[in-house]
Structures are given as C-alpha cells and as structure tokens.
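Number of protein chains: 2
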Amino acid sequence: MQILNGGLEQVPGYSFSAIECGIRKKDRLDFCAIVADTLCNAAGMFTTNKIFAAPVRLCRERVGSPVRAIIVNATNANACTGLEGYSDALNLTEAMAKALGAEKKSVLMASTGVIGHRLPVDKMLSAIPALARSLSHENGSLIPKAIMTTDTFPKSAAASFSTPLGEFKIAGTAKGSGMIAPNMATLLSFIITDCPVNKKSLDTIFKRCINNSFNSITIDGDMSTNDTALILSPASRLYIKKEDLADFEEALEYVLGELCRMLVMDAEGATKFVTVNVAGAKTDADARTAARAVAQSLLVKTAFFGKDPNWGRIACAAGYSGALVKEENLSIYIEDVALLQKGRPLEFDKKFMDSILSKREFSVFVDIGLGSSRAQFLTSDISYDYVKINAEYTT
Amino acid sequence: MQILNGGLEQVPGYSFSAIECGIRKKDRLDFCAIVADTLCNAAGMFTTNKIFAAPVRLCRERVGSPVRAIIVNATNANACTGLEGYSDALNLTEAMAKALGAEKKSVLMASTGVIGHRLPVDKMLSAIPALARSLSHENGSLIPKAIMTTDTFPKSAAASFSTPLGEFKIAGTAKGSGMIAPNMATLLSFIITDCPVNKKSLDTIFKRCINNSFNSITIDGDMSTNDTALILSPASRLYIKKEDLADFEEALEYVLGELCRMLVMDAEGATKFVTVNVAGAKTDADARTAARAVAQSLLVKTAFFGKDPNWGRIACAAGYSGALVKEENLSIYIEDVALLQKGRPLEFDKKFMDSILSKREFSVFVDIGLGSSRAQFLTSDISYDYVKINAEYTT
Numbered sequence: 006m007q008i009l010n011g012g013l014e015q016v017p018g019y020s021f022s023a024i025e026c027g028i029r030k031k032d033r034l035d036f037c038a039i040v041a042d043t044l045c046n047a048a049g050m051f052t053t054n055k056i057f058a059a060p061v062r063l064c065r066e067r068v069g070s071p072v073r074a075i076i077v078n079a080t081n082a083n084a085c086t087g088l089e090g091y092s093d094a095l096n097l098t099e100a101m102a103k104a105l106g107a108e109k110k111s112v113l114m115a116s117t118g119v120i121g122h123r124l125p126v127d128k129m130l131s132a133i134p135a136l137a138r139s140l141s142h143e144n145g146s147l148i149p150k151a152i153m154t155t156d157t158f159p160k161s162a163a164a165s166f167s168t169p170l171g172e173f174k175i176a177g178t179a180k181g182s183g184m185i186a187p188n189m190a191t192l193l194s195f196i197i198t199d200c201p202v203n204k205k206s207l208d209t210i211f212k213r214c215i216n217n218s219f220n221s222i223t224i225d226g227d228m229s230t231n232d233t234a235l236i237l238s239p240a241s242r243l244y245i246k247k248e249d250l251a252d253f254e255e256a257l258e259y260v261l262g263e264l265c266r267m268l269v270m271d272a273e274g275a276t277k278f279v280t281v282n283v284a285g286a287k288t289d290a291d292a293r294t295a296a297r298a299v300a301q302s303l304l305v306k307t308a309f310f311g312k313d314p315n316w317g318r319i320a321c322a323a324g325y326s327g328a329l330v331k332e333e334n335l336s337i338y339i340e341d342v343a344l345l346q347k348g349r350p351l352e353f354d355k356k357f358m359d360s361i362l363s364k365r366e367f368s369v370f371v372d373i374g375l376g377s378s379r380a381q382f383l384t385s386d387i388s389y390d391y392v393k394i395n396a397e398y399t400t
Numbered sequence: 006m007q008i009l010n011g012g013l014e015q016v017p018g019y020s021f022s023a024i025e026c027g028i029r030k031k032d033r034l035d036f037c038a039i040v041a042d043t044l045c046n047a048a049g050m051f052t053t054n055k056i057f058a059a060p061v062r063l064c065r066e067r068v069g070s071p072v073r074a075i076i077v078n079a080t081n082a083n084a085c086t087g088l089e090g091y092s093d094a095l096n097l098t099e100a101m102a103k104a105l106g107a108e109k110k111s112v113l114m115a116s117t118g119v120i121g122h123r124l125p126v127d128k129m130l131s132a133i134p135a136l137a138r139s140l141s142h143e144n145g146s147l148i149p150k151a152i153m154t155t156d157t158f159p160k161s162a163a164a165s166f167s168t169p170l171g172e173f174k175i176a177g178t179a180k181g182s183g184m185i186a187p188n189m190a191t192l193l194s195f196i197i198t199d200c201p202v203n204k205k206s207l208d209t210i211f212k213r214c215i216n217n218s219f220n221s222i223t224i225d226g227d228m229s230t231n232d233t234a235l236i237l238s239p240a241s242r243l244y245i246k247k248e249d250l251a252d253f254e255e256a257l258e259y260v261l262g263e264l265c266r267m268l269v270m271d272a273e274g275a276t277k278f279v280t281v282n283v284a285g286a287k288t289d290a291d292a293r294t295a296a297r298a299v300a301q302s303l304l305v306k307t308a309f310f311g312k313d314p315n316w317g318r319i320a321c322a323a324g325y326s327g328a329l330v331k332e333e334n335l336s337i338y339i340e341d342v343a344l345l346q347k348g349r350p351l352e353f354d355k356k357f358m359d360s361i362l363s364k365r366e367f368s369v370f371v372d373i374g375l376g377s378s379r380a381q382f383l384t385s386d387i388s389y390d391y392v393k394i395n396a397e398y399t400t
C-alpha cells in the first residue's frame with residue numbers, strides 16, 4: 006500500500022461537482038455530487054438511531070442494488086421531516102438520475118445540518134442541471150468542503166495498492182465535528198475506489214473496517230439521525246480475488262483511520278487528541294466497553310483539557326463501564342508513565358507529566374490485567390469552546 | 006406529612022459533630038459524625054462501579070447489622086487505596102466505636118474527595134476523641150457543610166408524619182455537585198428518622214425511593230467510586246405497622262425529592278434546572294431509558310445553556326436511547342409549547358420560547374405516543390463553568 010496526497014480526485018472513474026445552492030446559508034458550497042462512470046457495488050453503514058433522516062431511509066433501501074451517484078447537501082439534515090422529507094429525497098435523486106441518464110434508483114443521497122426543516126426542494130431541483138453540468142474529475146477536491154458543517158477543515162485521505170489485477174486507488178472524505186459518538190460517529194463519509202470488489206466482500210469488509218474506525222471514536226456521546234458512510238466500487242465481470250482482498254482492506258483501513266484522526270483532531274473546540282488503549286481485558290467486548298467509557302467520560306475529557314493527570318477519573322470510568330475490572334489488577338499509564346500499577350497509586354514526576362499533558366497529542370493506556378483482549382478509541386478533550394459552539398448552534 | 010424547616014437537627018434521638026481535621030485543606034469542616042442514641046436498623050444503596058472506595062466496602066459488610074454511628078470525611082475519597090485504605094477505614098471506625106462505647110462493627114464510614122490518596126489516618130485518629138466529645142443535637146446543621154466538596158450550598162430537608170404509634174420525624178442531607186449520574190447519582194446522602202421501621206421494610210422502601218430520586222437525576226453521566234446513601238431508623242421491639250409504612254414512605258420520598266432538587270440546582274456550573282418528563286412509552290424501562298438519554302445528552306444540555314429550543318437534539322437523543330420510538334408518533338414540548346407533534350415540526354412564537362428558556366427552571370415533555378409508561382429525570386445544563394470547575398479540580 007502507498008499513501009497518496011489529496012483525496013477523491015486521485016481515483017479514476019469518478020467525477021464530482023459542488024455548487025452554492027443557498028440551502029440555508031449564502032456563499033458556501035452546500036450541494037454536491039459524486040458520480041461514477043459506470044454502475045458500482047455499494048456498501049453502507051448507517052446510524053442506529055431510531056429517529057433517522059429521510060436520506061438514510063433512502064440509502065438503506067437502495068444500497069443493495071447498483072449505484073451510479075451520491076448527492077449530498079449540507080446545512081439541512083432532512084430529519085424529522087416525515088413522509089414529505091422522504092418524498093423530497095426521492096424527487097431530488099430522481100432528478101439527478103434523469104440528468105445523468107441513469108437508473109432512477111441508482112442515486113443515493115445524504116444530508117447533514119439542522120433537524121426538522123424541509124429542504125428547499127424547488128431551489129435544489131433547479132440546481133441539479135448545473136450540478137450535472139459541472140461534473141469533472143478535478144472537482145473531487147471540492148467535495149470535502151461542500152459537506153462540512155462546523156468542521157474547521159476539509160478531510161480527505163487516499164492510498165494506492167497493487168493486486169495481480171493491477172494497481173488500484175482508494176480515497177475518502179468525511180465530515181464530523183459535532184455529535185460524534187461510536188455506533189456511528191456522526192458523520193458523513195464517502196469512500197470510492199476503482200478496485201472491483203464483489204458486493205458480498207464489500208459489505209463484510211466495509212462493516213469490519215467501520216467498526217474499527219468510525220465506531221471507535223467519540224467526542225460527545227451523541228449519535229446523530231444522519232450518520233452515513235458509503236463506499237462505491239465498480240461493478241465488474243472480473244473482481245479481485247479473495248486472496249487479494251487483504252490488500253484492499255489494508256488500504257481502506259488506512260483511509261478510514263486517517264479520516265478518524267482528522268475527525269477527532271477537528272472535534273468541536275478540542276485542544277487535545279488522545280488515544281485510549283485498553284489491554285488485558287477478559288473479552289473483546291469488555292475491552293471495547295472500557296475503552297469507550299474512558300474515552301467518553303466527561304470528567305476524563307475535562308481533565309485532559311485542564312492538563313490534569315487525574316487517573317482516578319480514568320479508573321472510575323473503567324469501573325462503571327460494565328467491563329470486568331478489579332482494582333487490584335488495574336494499571337493506568339499516561340504515555341509511558343505509570344500512575345497506577347496493579348491498584349497501587351505511584352509517585353510520578355509532575356513536571357514531566359505536565360510536559361506530556363501540554364502536548365496536542367498523547368495516549369492513555371489502561372491495563373485491566375485480567376485477560377488478553379485489547380481495544381483502542383480516539384477521543385478529544387471537552388473545552389470551553391465545545392460548550393460555546395454547541396450552545397450557539399441554533400435551530 | 007408536614008414539611009419542616011432545617012434538617013438533621015429536627016430528628017430526636019441523634020447527635021452530631023463536625024470538626025476541621027485538615028485532611029487535605031485547612032480551615033474547613035472535613036470530618037463529622039452522625040450518632041444515634043440507640044442501635045438502629047440501617048439500609049444502604051451504593052455505587053455499582055466495580056472500582057469502589059474502601060468505605061463503600063466497609064458499609065456493604067456492615068449495613069446488615071445494627072448501626073450506632075456514621076463517620077464521614079470530605080476532600081479524600083479513600084478510593085483506589087487497596088487493602089491499606091480498607092484497613093484505614095477499619096481503624097477509624099473502630100476508634101469511633103471505642104470512643105462511643107459501642108460495638109466495633111456498629112460504625113459505618115463514608116468518604117468523598119480525590120481518588121488515590123491514603124487518608125491521613127494518624128491525624129484523623131487523634132481527632133476522634135474531639136469528634137466524640139463535641140457531639141450535640143444542635144450540631145446537626147453542621148453535617149451538610151462538613152460533607153461538601155464542590156457543592157456551593159449545604160443541602161438538607163426534613164418532614165414529620167403521624168402514625169398510630171405517634172408523630173415521627175425524618176430528615177436528610179446530601180452532597181453532590183460533580184460526577185452525578187443515575188445508578189447512583191454521585192453523592193453521599195444520610196437520612197435519619199426516629200420512626201422505628203423493621204429492617205426488611207426499610208431495605209425495600211429505601212431502595213424503591215432511591216430509584217425514583219437519586220437514580221433519576223443526571224449531571225454528567227459519570228458514576229463515582231464512592232456513592233453512598235444510608236438511612237438509619239431505631240431498632241425497636243415495636244415497629245410501625247405495615248399499613249402505616251406508606252406514611253413513612255411519603256415523608257422519605259419528600260426528603261429525597263428535595264435533596265435531588267438541590268443537587269441538580271447546585272450542579273457544577275449549572276444555570277438551568279430542567280425536568281424531563283417522558284410519557285407514552287411502551288414499557289417503564291423504555292420511559293426511563295428515553296428520559297435518561299435526553300437528560301444526559303451533552304448536545305441537549307449545551308442547547309439548554311444556549312437557550313436554544315433545539316427539539317431536534319431531544320428527538321435525536323430519544324431515538325438513540327434504545328427505547329422504542331417512532332418518528333411519526335413522537336411529540337416534543339418545552340413547557341406547554343408544542344415543537345413537534347406526531348413527527349411534524351410546528352411553528353412557535355420565538356419570543357415566547359425565549360422567555361421560557363431564559364428562566365432558571367423549565368420542563369421538557371417528550372410524548373413517545375406508543376404506550377402509557379412514564380418517567381421523570383431532573384437535569385441541568387452544561388456551561389462554561391462546568392468545564393472550568395472540572396478542568397481545574399486537581400488530583
């Protein structure tokens with residue numbers, strides 16, 4: 006696998022467009038399209054929220070069949086908009102399919118933004134010809150910008166990998182920033198590849214990779230109504246072989262991993278990027294449960310913000326997580342400094358610890374000492390700005 | 006039932022003392038005792054955290070037998086202190102029992118404060134004679150102050166009630182403020198009554214009342230290592246009759262309810278006190294699950310702080326709670342203003358809504374529309390000050 010600069014525009018066989026449609030705000034890209042030259046296999050992972058947006062319903066219905074395009078709008082989530090909202094999504098995708106000369110149901114849609122408002126459908130329908138007209142390969146770099154809400158920078162990652170069928174490319178983009186929680190981090194993410202992967206393998210591998218990436222980051226524990234991650238891979242008569250799927254998976258993992266890093270780096274108001282590693286859990290589920298609880302604890306996250314080596318809060322979060330934890334087996338480290346070893350608090354060099362906690366990025370290691378299962382979560386701190394951003398983001 | 010002013014000092018048959026012991030800070034009450042004139046039946050509810058403090062272990066072991074006294078220290082949690090911490094708690098309670106001429110195991114202990122530090126046992130042991138010497142009925146009013154950590158005001162409630170056995174009194178105190186989450190809100194709470202209730206009824210009623218009070222409030226979703234709620238009632242040859250237990254329960258409910266209100270009112274950095282009512286759930290568990298998710302959502306709580314009628318975040322939290330929720334049945338109100346009715350967003354008077362959200366106290370009503378189960382949670386907003394307090398509370 007080789008890391009590539011840039012993003013979607015690296016992958017042959019796709020074109021892109023992004024326009025200012027004035028959906029809720031002026032002078033910003035808010036409506037965009039990712040279009041494959043040929044029909045693709047698609048796989049999707051969606052919010053598990055019982056209140057889910059109209060475009061999520063539409064994607065769930067269509068992701069099993071071949072897909073040509075994805076249209077995406079920002080600033081309005083088209084959630085809690087009932088049957089009208091669903092019919093808006095139907096009409097918009099249908100219009101896009103028509104503009105592309107594609108199958109009606111081969112267009113997917115994703116939306117992000119405020120909940121409870123109808124999309125300005127007429128305005129968007131009139132914009133669709135322009136969206137179709139301005140498609141180009143180079144426009145790939147516009148997509149990450151067009152899908153942002155409170156993100157402070159666009160997010161892309163790309164890689165290439167070799168198989169006996171040839172060299173392929175894979176790239177992705179994501180938006181996140183608020184409402185990021187495991188089981189889907191709130192985000193939209195779109196991954197494309199020119200590597201032909203059969204539908205069944207695409208489903209399995211995408212699910213596995215999402216669980217180890219987007220479902221292992223947490224910012225505020227809230228799960229959105231719109232979480233959508235989609236991957237497109239060209240439908241083909243000749244798919245890469247089973248034994249070469251590992252190369253594809255490695256590249257996909259890299260792309261998703263990079264997007265995760267960027268999402269957590271760009272968490273609303275975050276000043277810290279913290280990797281929480283848990284080891285020594287009795288089961289894999291325990292490892293994940295404990296890692297999530299530590300990564301999600303508001304008290305742990307405010308301690309990170311305050312540069313406070315408050316391992317007691319970490320122990321406490323592991324203790325209430327539901328995972329099997331015993332005080333006398335528990336060890337806690339920040340970077341490689343042991344703070345608690347098998348239940349015994351240790352003296353540590355406060356100055357050195359302060360220098361670690363003053364860094365933008367550091368890691369926490371929790372050794373449960375009861376088994377051999379491991380898990381990793383990425384998290385951020387919770388700062389004044391997190392509160393500010395979320396108190397001021399109006400309905 | 007009659008509401009009484011004041012707190013613990015209202016209840017005959019108990020004496021109290023509180024001293025400045027310099028456990029971690031100077032010039033503050035940090036060590037106190039609640040002593041019954043005679044042996045009492047006790048009931049206790051404790052943290053479900055797998056990492057629990059030494060005094061929690063001690064209380065769990067002793068709460069089944071008759072109890073004479075409870076000693077409490079603030080500023081140091083005696084948690085993550087291993088066998089030494091447990092032996093410290095043993096020694097301190099034993100010294101107190103000796104000073105009172107009571108049974109060794111009839112003294113309970115509770116601690117609150119930072120995790121991972123040994124108590125200054127020698128200092129505390131030397132202070133115990135003074136603690137025993139200064140016991141008086143009037144000192145009851147000192148206890149709420151002596152148990153505070155980041156609380157900004159002491160919390161007490163008292164009531165009286167009549168039964169055929171005579172008039173009785175009940176009073177309680179609590180400390181909370183940070184780390185407040187359901188399944189036990191992090192707190193210490195001590196309830197005393199002169200009403201003789203048999204051990205079995207005391208256990209049952211106390212558990213039920215705690216579930217409807219301390220386990221139904223949430224501030225930050227973190228559950229502490231030290232949560233302890235204890236009730237004492239005189240052991241007697243003559244207990245109030247089964248048919249009169251409802252009077253006792255009503256008074257206990259009132260006292261716990263008042264303490265809950267005060268805890269949420271005093272939530273770290275809180276500017277809002279919000280009652281979350283859920284109705285129309287299919288099951289009681291669903292009602293509680295949905296109410297807790299809404300009350301605990303960081304995005305909902307920052308919206309409260311920002312006076313933002315962001316019902317979308319409320320719908321979103323109900324949706325991811327795990328409770329059965331259907332968009333087309335869901336209605337959401339703030340006070341009596343409908344924002345969403347059976348899945349349809351409604352127009353509302355923004356000025357009037359702003360006047361509601363500007364108040365210190367308001368309520369949110371979520372009607373799931375799928376059944377008849379109800380639940381209530383009390384919650385606060387999350388403000389800049391919450392972050393400040395928790396970023397600066399050092400290990």
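So the protein lines, in turn, are chains B and V. Per my numbering: the first sequence = residues 6 to 400. Per my numbering: the second sequence = residues 6 to 400. Virtual Cβ for every residue (Gly too), placed ideally from N, Cα, C. As the structure is a prediction and not an experimental result, all values here were calculated from the model.
- Val-112 of chain B carries a strand assignment under DSSP once its states are collapsed to helix, strand and coil.
- Within a 10 Å sphere around the beta-carbon of Phe-158 of chain B sit fewer than 16 other beta-carbons, which makes this residue exposed.
- Closest in alpha carbon position to Val-68 of chain B, among B:Pro-125, B:Asn-46, B:Ser-141 and B:Lys-247, is B:Asn-46.
- DSSP lists no beta-bridge partner residue for Gly-145 of chain V.
- Contact with chain B is absent for Lys-180 of chain V, since none of that chain's Cβ atoms lies less than 9 Å from the residue's Cβ.
- Under a criterion of Cβ atoms nearer than 8 Å, no residue of chain B is adjacent to Glu-248 of chain V; the nearest Cβ is some 39 Å distant.
- Classified as exposed, Gly-171 of chain B has fewer than 16 neighbouring CB atoms from the shown chains inside 10 Å of its CB.
- Against chain B, the beta carbon of Lys-55 of chain V has neighbours under 9 Å at Ala-323, Gly-324, Tyr-325, Ser-326, Gly-327, Ala-328, Leu-329, Val-330, Lys-331 and Glu-332, listed in chain order.
- Judged by pairs of C-beta atoms under 8 Å, the region 382-391 of chain V touches the region 269-279 of chain V, as three or more such pairs exist.
- In the structure shown, Phe-353 of chain V adopts coil according to DSSP, grouped into three states.
- Ala-82, Ala-84, Cys-85, Thr-86 and Gly-87: these are the residues of the region 73-90 of chain B whose beta carbon lies less than 8 Å from some beta carbon of chain V, given in chain order.
- The Cβ atoms of Ala-323 of chain V and Val-299 of chain V sit closer than 9 Å to each other.
- Not a single C-beta of chain B is nearer than 9 Å to the C-beta of Ser-165 of chain V.
- Contact between the region 340-349 of chain V and the region 246-255 of chain V is absent: fewer than three C-beta pairs spanning the two stretches fall below 8 Å.
- Per DSSP, the beta-bridge partners of Asp-372 of chain B are B:Ala-284 and B:Ser-336.
- With contact defined as three or more Cβ pairs closer than 8 Å, the region 252-265 of chain V and the region 348-359 of chain V are not in contact.
- By alpha-carbon distance to Leu-237 of chain V, the top candidate from V:Leu-268, V:Asn-10, V:Gly-18 and V:Ala-162 is V:Gly-18.
- Boundaries of the beta strand (DSSP E) around Phe-195 of chain B: 193-198.
- Contact of Pro-350 of chain B with chain V by beta-carbon distance below 8 Å involves Cys-85, Thr-86, Gly-121 and His-122.
- Across the structure, Ser-377 of chain V and Ile-152 of chain V are spaced so that their CA atoms are roughly 40 Å apart.
- Take Leu-304 of chain V, set aside five residues on each side of it, and the residues of its chain with a beta-carbon closer than 6 Å to its own are Arg-318, in chain order.
- Residues of chain B whose Cβ lies closer than 8 Å to the Cβ of Thr-230 of chain V are, in chain order, Gly-317, Ala-320, Cys-321 and Gly-324.
- The Cβ atoms of Val-77 of chain V and Ala-115 of chain V sit closer than 9 Å to each other.
- With the rule of 3 Cβ pairs closer than 8 Å, the region 111-127 of chain B does not count as touching the region 160-175 of chain B.
- Going by beta carbons, Leu-329 of chain V and Asp-291 of chain V fall inside the 9 Å limit.
- The DSSP-derived three-state label of Leu-383 of chain B is strand.
- Taking a 10 Å sphere around the C-beta of Ile-8 of chain V, we find fewer than 16 other C-beta atoms and assign the residue as exposed.
- A straight-line Cα-Cα distance of about 23 Å links Val-72 of chain V and Leu-88 of chain V.
- Secondary structure of Arg-67 of chain V (DSSP, three-state): helix.
- Under the 8 Å Cβ criterion, the region 57-67 of chain B does not count as touching the region 10-26 of chain B, having fewer than three qualifying pairs.
- Secondary structure note for Met-50 of chain B: its beta strand (DSSP E) is the uninterrupted segment 36-51.
- Taking C-beta separations shorter than 7 Å and ignoring five residues to either side along the sequence, the partners of Phe-382 of chain V in its chain run Ser-221, Ile-222, Thr-223, Val-281, Ala-296, Arg-297 and Ala-300, following chain order.
- Residue-level contact by beta carbon holds for Leu-303 of chain V and chain B, with a gap shorter than 9 Å.
- In this structure, the beta-carbon distance from Ala-132 of chain V to Ala-102 of chain V does not fall below 9 Å.
- Not one beta carbon of chain B lies nearer than 9 Å to the beta carbon of Phe-51 of chain V.
- By alpha-carbon distance to Phe-195 of chain B, the top candidate from B:Val-16, B:Ser-70 and B:Lys-110 is B:Val-16.
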